[in-house]
Amino acid sequence: MKLLESLASVCASGGARSGEAADEVDGLLPEVVAAPVTTEEVAAVVGLCAATKTTMLARGSGTKLDWGGSPESLGVVIDLSGLNGVVEHEPGDFVVSLRAGTTLAALDRELERAGQRLPIDEVVPNSSVGGVIATGLSGPSRYLHGAVRDLLIGLTVVRADGVVARSGSKVVKNVAGYDLAKLFTGSYGTLAIVTEAIFRLRPRPRAERYLSATFADEAELSAALSGILASQLAFAAVELARAEGGGPMTLGVLLEGHPDALERRMAGAAALLGKCAVSDTVPKEWGQLPGPVTLKIAVPLGFVPSLLGELSALETTLAIPLRIRGSAGVGILYVGLEPSTDQASFAELLQVLRSSVGSTGGSVVVLRAPASIKAGVDSWGPVAGLELMRRVKERFDPDRRLSPGRFVGGI
Amino acid sequence: MTRPQDALVAVLRRLRELLPPEGLVTDSAELRTYECDGLTHFRVVPALVVLARSSADVRLVVSVCGQEGVPYVARGAGTGLSGGAVPHAEGVLIVLAKMRAILEIDPANQRAVVEPGVANLDVSRAAAPSGYYYAPDPSSQQVCSIGGNVAENSGGAHCLKYGFTTNHVTGLEVVTPDGELLELGGKAPDPPGYDLMGALVGSEGTLGIVTKVTVRLLRSPETVRTLLAGFADTDAAGDAVSSIIAVGLLPAAIEMMDALAIEAAEAAVGCAYPEGAGAVLIVELDGPEVEVVTALAEVEQHCHAAGAFELRRAATPAERTQIWHGRKSAFAAVGRISPDYIVQDGVVPRTALPSVLREINRLSKEAGLRVANVFHAGDGNLHPLVLFDASRPGELALAEELSSRILETCLRHGGSITGEHGVGLDKVTSMAKMFRPDDLDTMQLLRCAFDPDNLCNPAKIFPTPRLCGERPGRQSPHPIEVAGLAERY
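These protein sequence lines are chains A and B, in that order.
Going by the working numbering, the first residue of the first sequence is number 1, and it counts up by one from there.
Going by the working numbering, the first residue of the second sequence is number 1001, and it counts up by one from there.
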C-alpha cells in the first residue's frame, strides 16, 4: 500500500491527502498531509512514518512554520488542527487539560465563562496551544505569570517510534519523575509530538489599567524602567516599543487588581513614568512581533537600555530600519526587519549583535524569517550544552525523523 | 569485569593523589555520619566521602568514578525527606556542604549567584538589604541547601502564589556524568536549545551534580498580612479555602492543620492557636498595601461565612512569626505526642480535598492509628503524619501500610505521589502506580542521554533501571538498595 493510502486508513475522520503548495515549509513540499484527531491516531501515523523511514513535521494552525531553521527533508506533515478541544476543566482546581490543536483564542472563550484564563498572550494570531509549546512563545504576561514552561504542568506526547508517553499530572504541585514538559517546551517538535497538555490557570483580573509614556532617549527611559522594576507596585507586564528610524521609545505597563485598589497603584505608576496616557485595555498590537523577519534578543534585565542604544547605533551604521518591541521587564527584545533586507547587512547585524549580547550572557536568535534570509546565517547562534542536546536528540529520535534541521546546531 | 571492591580501591588511590587529605573521609565512624538523609530509616554507609570545595573537585571525582565504573551520590545539607541522598555502599558520596559562597547578589539584574551548599534562607538574608528575596521557602529553609532544592524542585508554603524552585532558577553550572562542566542559562532568560536546565531541576541528582546556581530575586512585597482562623473541623476550614480560591483571590499561602496537628504544635512550641479548634487556617497575603487590605477583608468574610469562630490578624512581625512557628514546626512537633511517625507527601486536585480527608480519617480508624494532617490547602498538597509506636510488634508495618494506602487514595483522585519531597528511594515502587511503563521508559531516555552507565545517584526515582544500550555490561548492580526496598514494601 502506498504511504498516502496507509495514512488515510489510520486517520478515520481527518483523512490524508497529497501535499500542496500551501503546505510547503521553507520551500519543501511534503508528500502527504495526514490529519489525525486522537492521540492514538497520531501514534499510528508516527508508527507508519517510522516503519517507512519517512520524516515528519507536526503542524497546528500553521502560523509559525517559517520559524527556526529550515527542515532538511519533509515527508509527512502531521496536521493537528483537528486534534482540538478541552479534555477536562474543573474550575475549582484552576487546571485545564486540552488537545494540542486547540487555539489559544478558543481556549480563552471557554475559560472566560469560568472567570479564568491561561495567561499566555496570543503573540501570533490564531496560534494553537501545541505550536506555542513547541516554540515556547510567551508574551507580555510572563512578567508576572510566568512563561509557557512555568504554566505547563503535564504533557502527553507521541515519541518518534510511535510510543505514547505522559509526564507530569493534573495537580499543580508534583515532583514525581522527570519534568519532561520542560524538555519538550521550545524543542520545535524535534523530540516528540505533543498531543495533549495540562496547564495551571489564573483567575481573570477584576480590573486592568494600562499606562504608557514616551521617552526621547535611552537615559530617560533607563531611569523610568529601573524605577518600575524596583517598585513594589506588582506590575503585570512591562513592555517597550520603538518605531523604526529612531524616534521616541514607549514604555507600557499593565496593572491588574481590585478596582478600588488600582486607582492608588496607578498614581504610584504615574509618578514613576512621568507624563503618561491611561487606558482600561492594552493596545491592539499588545505583544505582537514587530516584523516578518524577527530577531529575539535575550539579555540580563539591566542591559536593556544599553541594548537599545546599540540597536539605534547599528540602525544608522548599517542603514537597516529596525522596529523594536519587547518585554523590557523580562530582558527580551524583539527586533523586526523587512524581508527585503540586504542579506550581507543582515548577516553583519547578527554578527555584531551576537558578539555584544553574548558578552552579557545573552543570546540572539533569528526567530522567524523567509528561507532566503535564513539560508545565509545560523538562526540559533552559539548554544551552550549543544553536545549534550545532540545526545538527548539521539535518544529520543535516533533516526532524525522529527523536523530534522529545524533546531539548534542542525538538530 | 572489575569487582566493585577493586574499582573502589582504584578510585581511592587516584583521589588520594589528587585531593588534599582533609577532603577525603575514610574513617568508618566518620563515614557512618553520612549514612542517611532526613528520612532516617534508609541507612547505607558510603564506601568513601569527598568533601568538595569547588566544581573542579566535583569534576575530578565524577571523572575518576566514571573511569572506574563506581557509582556516586551528591549530598547537600542532608535534609531531604525521600532518601534521595542515601549513599551507595560501594560508591562515593560527594558532599557539597563546604561550597557555601554567595558569589553575587545582583539587584540590577534581579539575580543571585550561589554555590550549591548555601542555605536557602541565607540567599534571602543576603538580598534583604537591597530590598529583594528568594521566593521558594521550604519549611527547612534555615538549613536546607540550594543545591538540594534544585535536585528536589523544592516548594514551600508560598509556592501557591510564587511557584517552585524550577520557576526561580535561571542558570546552572553542572558537572555532567561524563565529567564535563556545563553552564546552562545564566542571568538572561530563554537560552537557545533544549531546556536541559528545566529537566535537571527536580531530577533528584540523577542527571549530574550542580556546582553553581543562578536564581531570580523578587522585589520584597510592600505589605505582608497573616491571618489565623479557627474552625470547628476541617470541612468548615476547607469550605473557606474553596470560596477564597473560587472568587479569584490568590493568597501567597493557605495552610491548614487539623486538631491532632494543632495539639502536637501546642505541646512542642506553645503556639497558642484558637482554643478548641478542630482545624486552623493560616492565610497570608502579600503585595501592594491597598490590594492586600482589600483582599484581607474579603478573606475574613469568607472565613466567617464558612463558620470560623475566631480570627486573629498578626499585627506585628513577631505575631506573624508566632503564627508560622506552629505550622513550620509541625512535623517535628508530632514527636511530642507519638514516639514514631511517618510523614507522607501526597497531592490531590484541590476540589477533592474534603473527600480525601474523610477517606484518610476512615483509613486511620480502620488501622487503629492516629493521623495528623498538616497541609498546603491552597494547592492540595497533603502531609498526613501517621503516628505509631515502633516498640509495639507489627505497628511499623501497619503504619507503613496505612501511609501507602493514603498515597493510593491520592492517586485514585487523579493526584500525585509526591508534591515536594521527591521520589528518592522512598517512593520508587509508587512510581509504577502513577506512571505506565512507557512513561517511565521515556523519562529514562533522558537519563540515558546524560548518564548511560547509570552511575549518577543510581536506584533512585525509577523502579527498574533502563539499560541504555551502549557499553553493555557496565551497568553497576545495586543489591543494597534493592534489598532495602524489598524489606520496606
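For every residue, glycine included, the Cβ atom is placed at its ideal position computed from N, Cα and C.
Tell me the rounded alpha-carbon separation between B:VAL1113 and B:LEU1227.
34 Å
Which residues in the same chain as B:LEU1382 place their Cβ atom closer than 6 Å to its Cβ, once the five residues preceding and following it in sequence are excluded?
GLY1346 and PHE1375
I need the straight-line Cα distance from A:ALA12 to A:LEU107, nearest angstrom please.
25 Å
Short of 7 Å Cβ to Cβ, which residues in the stretch 155-177 of chain A face chain B?
ARG159, VAL163, VAL164, ALA165, ARG166, SER167, SER169, LYS170, VAL171, VAL172, LYS173, ASN174, VAL175, ALA176 and GLY177
Please report the distance separating the alpha-carbon of B:ALA1077 from that of B:PRO1384.
24 Å
Any chain B beta carbon closer than 8 Å to A:SER363
yes
Grab me the residues of B:ILE1480's own chain with a C-beta within less than 6 Å of its C-beta, minus the 5 sequence neighbours each way, in chain order.
Confidence is the limiting factor: at B:ILE1480 the pLDDT is only 39, short of 50, which leaves the residue's position unreliable and the question unanswerable from this model.
Cβ neighbours of A:VAL76 in the same chain (closer than 8 Å, five flanking residues each side left out)
LEU3, LEU7, PRO30, GLU31, VAL32, VAL33, ALA34, VAL45, CYS49, THR54, THR55, MET56 and LEU57
Whole angstroms is fine: what's the gap from A:PRO382's alpha carbon to B:ILE1406's?
49 Å
According to DSSP, what are the bridge partners of A:HIS89?
A:VAL96
Identify the residues that DSSP records as bridge partners of B:ASN1109: which are they?
For B:ASN1109, which the question treats as bridged, DSSP gives no partner whatsoever.
For the stretch 183-194 of chain A, enumerate the residues whose C-beta is nearer than 9 Å to any C-beta of chain B, in chain order.
LEU183, PHE184, THR185, GLY186, SER187, THR190, LEU191 and ALA192
Taking only beta-carbon atoms, is A:ILE89 less than 8 Å away from chain B?
Just to set this straight, residue 89 of chain A is His in the shown sequence, not Ile. With 8 Å as the cut-off, A:HIS89 does not count as an interface residue toward chain B.
Who are the Cβ neighbours of B:ASP1451 in its own chain at under 6 Å, not counting the five residues just before and after it?
PRO1177
Just to confirm the assignment, what range does the alpha helix (DSSP H) spanning B:THR1442 have?
1437-1450
Would you verify that the beta carbon of B:PRO1004 is, or is not, closer than 8 Å to some beta carbon of chain A?
no
Pull the bridge partners of A:VAL352 from the DSSP assignment, please.
Paired residue(s): none; A:VAL352 is not in a bridge.
Taking only runs of the beta strand (DSSP E) that begin and end inside the stretch 216-282 of chain A, which ones reach a length of at least 3 residues, in chain order?
237-242, 249-257 and 277-279
Quick check: the Cα distance between B:HIS1304 and B:ILE1282, rounded to an integer number of angstroms?
14 Å
Comparing the C-beta of A:MET266 with each C-beta of chain B, is any distance below 8 Å?
no
Within its chain, find whatever has a CB closer than 7 Å to the CB of B:VAL1343; leave out the 5 residues flanking it on each side and keep chain order.
LEU1081, PHE1331, HIS1383 and LEU1385
For a contact defined as C-beta to C-beta under 9 Å, what are the partners of B:GLY1248 on chain A?
GLY115, GLN116, ARG202, PRO203, ARG204, PRO205 and ARG206
Ends of the alpha helix (DSSP H) at B:GLU1090?
That residue, B:GLU1090, is in no alpha helix (DSSP H); it is neither H nor E in DSSP.
Under the DSSP definition of a beta bridge, which residues are partnered with B:LEU1184?
B:LEU1172
Determine, for B:GLU1481, whether the minimum Cβ-Cβ distance to residues of chain A falls below 8 Å.
Only weak support is given to the placement of B:GLU1481: the predicted model assigns it a pLDDT of 36, under 50, and the value that follows is read from those uncertain coordinates. No, its Cβ sits nowhere closer than 8 Å to a Cβ of chain A.
Count the C-beta pairs between the stretch 233-246 of chain A and the stretch 180-199 of chain A that are closer than 8 Å, then say yes if the count reaches three, no if not.
no
Proximity test, Cβ basis, 8 Å: A:ILE332 and chain B
yes
For A:LYS173, write down the residues that DSSP places opposite it in a beta bridge.
None, per the DSSP bridge assignment.
Please list, in chain order, the chain A residues whose beta carbon lies closer than 7 Å to that of B:LYS1187.
PRO300 and GLY361
Please say whether A:ALA241 and A:THR250 have beta carbons closer to each other than 8 Å?
yes
Beta-carbon separation (whole angstroms), B:GLY1083 vs B:LEU1425, contact threshold 8 Å
4 Å
Tell me whether B:ARG1370 sits in a helix, a strand or coil according to DSSP, three-state version.
coil
Runs of beta strand (DSSP E) wholly within the stretch 115-179 of chain A (minimum 3 residues, chain order):
152-159 and 164-168
Along the chain, where does the alpha helix (DSSP H) containing B:ASN1381 start, and where does it finish?
That residue, B:ASN1381, is in no alpha helix (DSSP H); its beta strand (DSSP E) goes 1381-1388.
With a floor of 4 residues, list each alpha helix (DSSP H) that falls wholly inside the stretch 1195-1241 of chain B, ordered by position along the chain.
1196-1200
B:ASP1453, buried or exposed, once every other Cβ within 10 Å from all chains shown has been counted against 16
buried
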